[in-house]
Amino acid sequence: MKNITVIGVGYVGLVTAACFADLGNRVVGLDIDEDRIAGLKRGEIPIYESGLEEMVTRNAGADRLSFTTSYPKALREAEFVFIAVGTPSGVDGEADLKHVRAAAESIASTMVAPLIVVNKSTVPVGTGDWVADVIRAHQPKPIPFSVVSCPEFLREGSAILDFMNPARTVLGSLDPEAAEQVAQLHLPLRAPIIISDLRTAEMIKYASNAFLAARISFINEIANICEALGADVKEVATGMGYDPRIGPHFLEAGLGYGGSCFPKDVMALAHMAAEKGRHPQLLQAVMLINDDRRRLLIEKVGELIGDLEGKVVGLLGLTYKPNTDDMREAPSLEIARRLVENGAQVRAYDPVGMMRAATIMPELIMAEDVYALAEGCDALVVCTEWNEFMHLDMERVHKAMRQPVIVDGRNIYDPVEMARLGFHYRGIGRGYGPDGQPIEEVQPGEVREQ
Ligand code: UDX
Numbered sequence: 523m524k525n526i527t528v529i530g531v532g533y534v535g536l537v538t539a540a541c542f543a544d545l546g547n548r549v550v551g552l553d554i555d556e557d558r559i560a561g562l563k564r565g566e567i568p569i570y571e572s573g574l575e576e577m578v579t580r581n582a583g584a585d586r587l588s589f590t591t592s593y594p595k596a597l598r599e600a601e602f603v604f605i606a607v608g609t610p611s612g613v614d615g616e617a618d619l620k621h622v623r624a625a626a627e628s629i630a631s632t633m634v635a636p637l638i639v640v641n642k643s644t645v646p647v648g649t650g651d652w653v654a655d656v657i658r659a660h661q662p663k664p665i666p667f668s669v670v671s672c673p674e675f676l677r678e679g680s681a682i683l684d685f686m687n688p689a690r691t692v693l694g695s696l697d698p699e700a701a702e703q704v705a706q707l708h709l710p711l712r713a714p715i716i717i718s719d720l721r722t723a724e725m726i727k728y729a730s731n732a733f734l735a736a737r738i739s740f741i742n743e744i745a746n747i748c749e750a751l752g753a754d755v756k757e758v759a760t761g762m763g764y765d766p767r768i769g770p771h772f773l774e775a776g777l778g779y780g781g782s783c784f785p786k787d788v789m790a791l792a793h794m795a796a797e798k799g800r801h802p803q804l805l806q807a808v809m810l811i812n813d814d815r816r817r818l819l820i821e822k823v824g825e826l827i828g829d830l831e832g833k834v835v836g837l838l839g840l841t842y843k844p845n846t847d848d849m850r851e852a853p854s855l856e857i858a859r860r861l862v863e864n865g866a867q868v869r870a871y872d873p874v875g876m877m878r879a880a881t882i883m884p885e886l887i888m889a890e891d892v893y894a895l896a897e898g899c900d901a902l903v904v905c906t907e908w909n910e911f912m913h914l915d916m917e918r919v920h921k922a923m924r925q926p927v928i929v930d931g932r933n934i935y936d937p938v939e940m941a942r943l944g945f946h947y948r949g950i951g952r953g954y955g956p957d958g959q960p961i962e963e964v965q966p967g968e969v970r971e972q
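Take the sequence shown: its position 153, counting from 1, is numbered 675 in this note's numbering, and each next residue is one higher.
Have a look at this one:
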């Protein structure tokens with residue numbers, strides 16, 4: 523059992539704190555947000571993440587997990603201090619390190635014994651060295667400490683599973699002894715542990731996320747070409763994925779990547795490169811292709827229903843991906859904004875994201891379910907691939923709509939089946955003929971030969 527303090531109980535911090543407590547350590551979660559800490563003490567979990575509430579409650583009940591806003595309390599017995607504060611994008615995509623700086627300064631002024639400071643936040647390459655400088659500069663008297671980088675690779679919606687079953691643990695430090703001690707904390711997870719220097723560990727995180735983002739933009743570019751040539755991108759991705767050098771993951775064409783990591787990390791990496799006089803051409807293309815996904819989707823809606831002025835468009839799903847209530851960089855927001863700019867009335871339904879979305883875009887009209895959403899719509903646009911959208915009563919949806927038009931930004935429906943049901947349907951990178959035109963649409967009631 524080790525004494526661990528986690529600074530920042532947002533998404534990454536809270537999952538890290540709960541999981542380390544669950545592995546038998548004594549963990550204190552610290553945050554400067556008093557409401558958040560008060561809520562956590564009452565057992566209120568500020569984010570939607572499968573299994574987290576149960577894990578927090580169980581470990582708090584067993585006295586392995588506690589929460590505080592006080593640095594002196596949090597650091598009194600700490601052997602390891604994890605920094606897991608936010609690093610939002612600043613100007614030009616540069617990561618804003620003000621929260622990391624504040625955490626480092628507070629650690630420096632309150633630490634009473636030697637510590638290992640572990641950085642979990644995604645920070646520009648070189649930040650580990652800088653954190654050490656900040657701590658050293660703010661210590662009232664010198665107390666030994668080491669800085670270790672341990673980037674997180676958690677996906678929202680499966681963060682606990684990812685923490686407990688990592689593909690690898692990446693550690694970086696100039697102090698091999700400190701890295702070894704952090705490695706020991708991760709041994710129960712039974713994953714390969716890669717120990718490197720600080721900068722390399724920081725770079726592994728950026729390179730991994732940028733590579734995954736590049737895969738997504740790659741398949742989206744292929745989807746555009748599939749539309750022009752009459753191929754089916756879903757089957758192309760399946761065919762590619764069987765090659766072990768390629769693999770099947772992150773090849774789903776659609777509205778592009780969103781969320782709190784990929785957009786921010788690709789931009790930050792490009793910024794770091796440019797600052798050093800390098801030209802990150804591939805990263806620039808990855809971002810341009812991703813931004814273009816939203817525009818292309820609006821184009822498809824326009825092709826089907828013409829001028830958007832006065833039209834009613836329903837968004838199926840709002841969150842940037844299913845199984846989260848996170849709206850950060852959700853493509854649905856940009857799509858809604860563009861539709862509104864073009865004079866459309868925009869409605870939406872999402873199983874869990876509506877409350878958050880309403881605070882960001884109050885003009886969105888929320889529906890209580892998909893059927894209520896479809897009522898009187900000129901088009902439905904699939905923005906998020908929630909499971910509950912896969913098996914709807916499409917005849918009921920068809921009847922409710924003013925025009926039976928579906929633009930499927932996540933390829934969850936089959937173009938032929940949709941045409942058979944009488945919908946005017948557009949997917950992404952599929953359902954187009956060799957002439958680049960959408961496959962012939964079937965009139966309502968007519969049954970297409972398969
Ligand atoms: C990601 C990384 O996976 C994780 O390792 C990192 O630490 C944080 O960022 P997350 O943002 O939770 O995690 O989501 P992820 O499931 O990776 O999806 C990211 C985005 O890519 C989503 O918007 C998703 O819709 C999109 N995506 C993913 C695609 O468009 N196509 C795909 O094939 C896969």
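The C-beta atom is built at its ideal place from N, Cα and C for all residues, glycine as well.
Classification of residue i by the beta-carbon crowding that lies within 10 angstroms, buried from 16 upward
i: Val835; result: buried
i: Ser592; result: exposed
i: Arg869; result: buried
i: Leu709; result: exposed
i: Ile950; result: buried
i: Thr881; result: exposed
i: Gln972; result: Caution applies to Gln972, whose pLDDT of 45 falls short of 50 and renders its modelled position unreliable; the value that the coordinates give is listed next. That one is exposed.
i: Tyr935; result: buried
i: Phe542; result: buried
i: Gln877; result: Looking at the sequence itself, residue 877 is Met, so the reference to Gln does not match. Classification for Met877: exposed.
i: Gly953; result: buried
i: Tyr469; result: Outside the modelled stretch of the chain, which goes from 523 to 972, sits residue 469, for which no answer is possible.
i: Arg815; result: buried
i: Lys663; result: exposed
i: Met912; result: exposed
i: Lys563; result: exposed
i: Thr760; result: exposed
i: Phe602; result: buried
i: Asp544; result: buried
Check: residue i C-beta below 8 angstroms from any heavy atom of the ligand UDX
i: Gly679; result: yes
i: Ile744; result: no
i: Pro741; result: A small correction: the amino acid at residue 741 is Ile; Pro does not occupy that position in the sequence shown. Because some heavy atom of the ligand UDX lies under 8 angstroms away, the Cβ of Ile741 counts as near it: yes.
i: Phe784; result: yes
i: Tyr779; result: yes
i: Gly608; result: no
i: Ser572; result: no
i: Ala775; result: yes
i: Glu749; result: no
i: Arg859; result: no
i: Thr649; result: no
i: Phe772; result: yes
i: Leu791; result: no
i: Asp684; result: yes
i: Ile934; result: no
i: Lys921; result: no
i: Thr846; result: yes
i: Lys843; result: yes
i: Asn731; result: yes
i: Arg737; result: yes
i: Glu674; result: yes
i: Leu734; result: yes
Which residues DSSP lists as bridging residue i, in chain order
i: Leu751; result: Its beta-bridge partners do not exist; DSSP assigns none.
i: Asn525; result: Arg548
i: Leu838; result: Tyr871, Val904
i: Ser588; result: Val550
i: Ala617; result: Ser611
i: Asn746; result: Beta-bridge pairing links Asn746 to no other residue.
i: Ala605; result: One point to set straight first is that residue 605 is Ile, not Ala, in the sequence displayed. Paired residues: Ile529, Asn641.
Below-9 angstroms beta-carbon distance, residue i vs any chain B residue
i: Arg952; result: No chain B appears in this structure, which consists of one protein chain only.
- Message: Using a Cβ distance threshold of 8 angstroms, determine whether the segment 533 to 552 contacts the segment 574 to 585, with at least three qualifying pairs required.
- Response: yes
- Pick out the complete beta strand (DSSP E) segments inside the segment 866 to 892, 3 residues or longer, and give them in chain order. 867 to 871
- Task: Could you tell me whether the segment 817 to 827 touches the segment 858 to 865, where touching means 3 or more Cβ pairs closer than 8 angstroms?
- Result: yes
- Message: So within the segment 652 to 719, which uninterrupted alpha helix (DSSP H) runs reach at least 4 residues, ignoring any that extend past its ends?
- Response: 681 to 686, 698 to 708
- Segment contact, 8 angstroms Cβ cut-off, at least three pairs: the segment 655 to 668 with the segment 633 to 641: yes
- Message: If we require 3 or more residues per run, which beta strand (DSSP E) segments fall completely within the segment 892 to 959?
- Response: 901 to 904, 927 to 930, 946 to 948
- Item | the segment 908 to 916 / the segment 883 to 890 touching (three or more Cβ pairs under 8 angstroms) | no
- Inside the segment 748 to 835 only - beta strand (DSSP E) runs reaching at least 3 residues: none
- Touch test, the segment 578 to 593 against the segment 545 to 554, Cβ-Cβ under 8 angstroms, three pairs minimum: yes
- Three-pair Cβ contact test at 8 angstroms for the segment 681 to 689 versus the segment 701 to 718: yes
- Is the number of C-beta pairs between the segment 929 to 943 and the segment 718 to 733 that are closer than 8 angstroms three or more? no
- Item | Three-pair Cβ contact test at 8 angstroms for the segment 780 to 797 versus the segment 842 to 855 | yes
- Would the segment 785 to 798 and the segment 741 to 759 be scored as touching if the rule is three or more Cβ pairs under 8 angstroms? no
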